[in-house]
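Asks:
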Amino acid sequence: MKALVKTRAQVGLELKEIPTPEPGPDDVRIHIMKSSICGTDLHIYDWDDWASHNINIPLTIGHEYVGIVDKVGSNVHDYSPGDLVSGEGHIVCGRCRNCLAGRRHLCRDTLGVGINRPGAFAEYLIIPVANVWPCDSKIPLEILTCFDPLGNATHASLSFNVIGEDVLITGAGPIGLMAASIVRHIGARHVVITDPNPYRLTLAKNMGVSMAINPQEQTLTDIMNHLAMKEGFDVGLEMSGSPKALHSIIKNMSHGGKIALLGLLPDTTTTAWNKVIFHGLTIKGIYGREMFETWYKMTTMLQSGLDISKVVTHQMSYKDYGDGFDLMRSGQCGKVVLDWREI
Ligand SMILES: NC(=O)c1ccc[n+]([C@@H]2O[C@H](COP(=O)([O-])OP(=O)(O)OC[C@H]3O[C@@H](n4cnc5c(N)ncnc54)[C@H](O)[C@@H]3O)[C@@H](O)[C@H]2O)c1
Ligand SMILES: [Zn+2]
Ligand SMILES: [Zn+2]
């Protein structure tokens, strides 16, 4: 089969012919239709510091995908060839306290598809049946392939009650944009998003946020005055990984406000801890998706009118993957989707 493999400790990937994997007894083999490029894939492509310390090569990368079940192991009875599926990219241990209690997103021994084991930028992917998610074929394929990042956005956005609340999202990358659509869909009042990237601010405006602002040009105090918000934001979603953005959230929260941290912040990040204490703020770290409540909720929200279609800005053949990674690096894109079907 064809696969995009990280073969060398340098920038780039190699489109290679490699053996098609066989499913084990508890596995499902998926014939990939579409996959999407994540920031993590770009880190691996560019072979940055994180990648060189965390990735063992050779490795087929990619963890966001949709496809058709093509072959199942002997213990698999819930799926059969022809089923449209995606899958959870965190393979959990099944034995730790959290796994046993059904809190699998908190497993302390997780393996990542396309990070610690072969991934989805290939014609075929093998995952354990416990990780397979059945897809609603009425949802477009380019949306289904984004269920992993949409799940990140859903997990964060549903962490706190946002009905009638004012929500601040820092970072209008694909996940921040999806979160903006979600909190709008579930009944937030004002949804303000910040990003220094004009392309992404335009995307956000087109997706119906109350205000999309460049933090280098406008202050949140001005925005709050403009929206006649007296007491600050009720919910903050940090989706940029920027310490400056975290700082702006903490500064502009209402007392008792709730903050979800999803963007990966540098270890050296400092914050105004006394504001967190005196203002009674709650901070929650978000990792991955709740298995599988998040998958259920994102499906039902899409079935009831959630529209994230504008986040998918580019679709191309897997053969043009180099262009896809260049786009990701430029920031002039939302989600970039690769199509594997013309093989
Ligand atoms: N916790 C998890 O499970 C998880 C999963 C996936 C991604 N992530 C992280 O979540 C974040 C968002 O993911 P993404 O794919 O949307 O990333 P992305 O890099 O495409 O988007 C981040 C956006 O933040 C913007 N930004 C930079 N500085 C900013 C600032 N000071 N204020 C406001 N915006 C600023 C950038 O211009 C960019 O558009 C990343 O940090 C990513 O590493 C976390
Ligand atoms: Zn991802
Ligand atoms: Zn576990």
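Going letter by letter, the sequence shown gives residues 735 to 1077 in our numbering.
Note that the Cβ used here is the ideal one computed from N, Cα and C, for glycine as well.
Which residue marks the beginning of the beta strand (DSSP E) containing residue 876, and which one marks its end?
Replies: Counting along the chain, residue 876 falls outside any beta strand (DSSP E), though it belongs to the alpha helix (DSSP H) covering 875 to 878.
Asks: For residue 893 and residue 914, I'd like the C-alpha separation in whole angstroms.
Replies: 14 Å
Asks: For the pair the segment 857 to 869 and the segment 779 to 786, tell me if three or more CB-CB distances fall below 8 Å.
Replies: no
Asks: Could you tell me if the beta carbon of residue 827 falls within a distance shorter than 6 Å of some heavy atom in ligand 2?
Replies: Using a cutoff of 6 Å, the CB of residue 827 does not count as near ligand 2, since none of the ligand's heavy atoms is closer than that.
Asks: To the nearest angstrom, report how far apart residue 889 and residue 1057 are at their CA atoms.
Replies: 30 Å
Asks: Report all residues for which the CB-ligand distance to some heavy atom of ligand 2 is below 6 Å; order them along the chain.
Replies: 772, 774, 797, 798, 882 and 883
Asks: Look at the Cβ atom of residue 911, then the Cβ atom of residue 970, and state whether they are nearer than 7 Å.
Replies: no
Asks: Starting from the Cα of residue 857, find the closest Cα among 904, 993, 981 and 801 and give me that residue.
Replies: 801
Asks: Rounded to whole angstroms, how far is the Cβ of residue 794 from the Cβ of residue 885, which I believe are closer than 8 Å?
Replies: Incorrect: roughly 22 Å between the Cβ atoms, too far for contact.
Asks: Could you check which residue in 997, 872, 907 and 905 has the C-alpha nearest to that of residue 1035?
Replies: Cα-wise, what sits closest to residue 1035 is 872.
Asks: How should residue 1030 be labelled, buried or exposed, when 16 other C-beta atoms within 10 angstroms of its C-beta is the threshold for buried?
Replies: exposed
Asks: Which stretch, first to last residue, makes up the beta strand (DSSP E) that contains residue 919?
Replies: Where residue 919 is concerned, there is no enclosing beta strand (DSSP E), although the alpha helix (DSSP H) it sits in stretches over 908 to 919.
Asks: Go ahead and pull the three-state DSSP assignment for residue 863.
Replies: helix
Asks: Considering only residues of the same chain and omitting the five flanking positions on each side of residue 755, which have a CB-CB separation below 6 Å?
Replies: Contacts found: 860.
Asks: Answer yes or no: the CB of residue 1067 versus the heavy atoms of ligand 3, is any distance below 6 Å?
Replies: no
Asks: For residue 917, which residues from the same chain have a beta carbon less than 6 Å from its beta carbon, with the 5 sequence-adjacent residues on both sides left out?
Replies: Once the five neighbours on either side are set aside, the close Cβ partners of residue 917 are 891, 896, 901 and 925.
Asks: Excluding the 5 residues flanking residue 923 on each side, which residues of the same chain have their C-beta closer than 6 Å to its C-beta?
Replies: Excluding sequence neighbours, residue 923 sits near 898 and 900.
Asks: Suppose contacts are defined by Cβ-Cβ distances below 7 Å. Is residue 736 in contact with residue 763 by that definition?
Replies: no
Asks: Shortest alpha-carbon distance to residue 842 belongs to which of 831, 852 and 851?
Replies: The option with the nearest alpha carbon to residue 842 is 831.
Asks: State the Cα-Cα distance for the pair residue 750 and residue 1076, rounded to the nearest angstrom.
Replies: 16 Å
Asks: Tell me the DSSP secondary structure of residue 1037 in three-state form.
Replies: It is helical.
Asks: Pick from 983, 1000 and 796: whose alpha carbon is nearest that of residue 992?
Replies: 983
Asks: May I ask which residues mark the beginning and end of the alpha helix (DSSP H) holding residue 967?
Replies: Counting along the chain, residue 967 falls outside any alpha helix (DSSP H), though it belongs to the beta strand (DSSP E) covering 967 to 972.
Asks: For residue 964, which three-state DSSP category applies?
Replies: coil
Asks: Could you please give the first and the last residue of the uninterrupted alpha helix (DSSP H) stretch that includes residue 882?
Replies: 881 to 891
Asks: Locate the alpha helix (DSSP H) running through residue 785, then write down its first and last residues.
Replies: 783 to 788 is the span of the alpha helix (DSSP H), which, as asked, contains residue 785.
Asks: Exposed or buried, what is residue 814 when buried is set at 16 or more other beta-carbons lying within 10 Å of its beta-carbon?
Replies: With fewer than 16 other Cβ atoms inside 10 Å of its own Cβ, residue 814 counts as exposed.
Asks: In chain order, what are the residue ranges of uninterrupted alpha helix (DSSP H) at least 4 long that sit wholly in the segment 822 to 862?
Replies: With a minimum length of 4 residues, the continuous alpha helix (DSSP H) runs that stay inside the segment 822 to 862 are 831 to 834.
Asks: In chain order, which beta strand (DSSP E) runs of at least 3 residues are fully inside the segment 982 to 1043?
Replies: 987 to 995 and 1016 to 1019
Asks: If you run the structure through DSSP and keep just helix, strand and coil, what is residue 904?
Replies: strand
Asks: If we ignore side chains and look at the alpha-carbon of each, how far apart do residue 1014 and residue 821 end up?
Replies: 38 Å
Asks: Report the residue from 1019, 1073 and 1067 whose alpha carbon sits nearest the alpha carbon of residue 931.
Replies: In this structure, 1067 is the residue among 1019, 1073 and 1067 with its C-alpha nearest to the C-alpha of residue 931.
Asks: When we look at the beta-carbon of residue 960 and count the other beta-carbons within 10 Å, is it buried (16 or more) or exposed?
Replies: With fewer than 16 neighbouring CB atoms inside 10 Å of its own CB, residue 960 falls in the exposed class.
Asks: Is residue 1030 a contact residue of ligand 1, with contact defined as CB to any heavy atom under 6 Å?
Replies: no
Asks: From residue 1005 to residue 981, what distance separates their C-alpha atoms?
Replies: So the two alpha carbons sit approximately 6 Å from each other.
Asks: Taking residue 1064 as part of the alpha helix (DSSP H), name the residues at either end of that continuous run.
Replies: Judged by DSSP secondary structure, residue 1064 falls within the alpha helix (DSSP H) whose first and last residues are 1055 to 1064.
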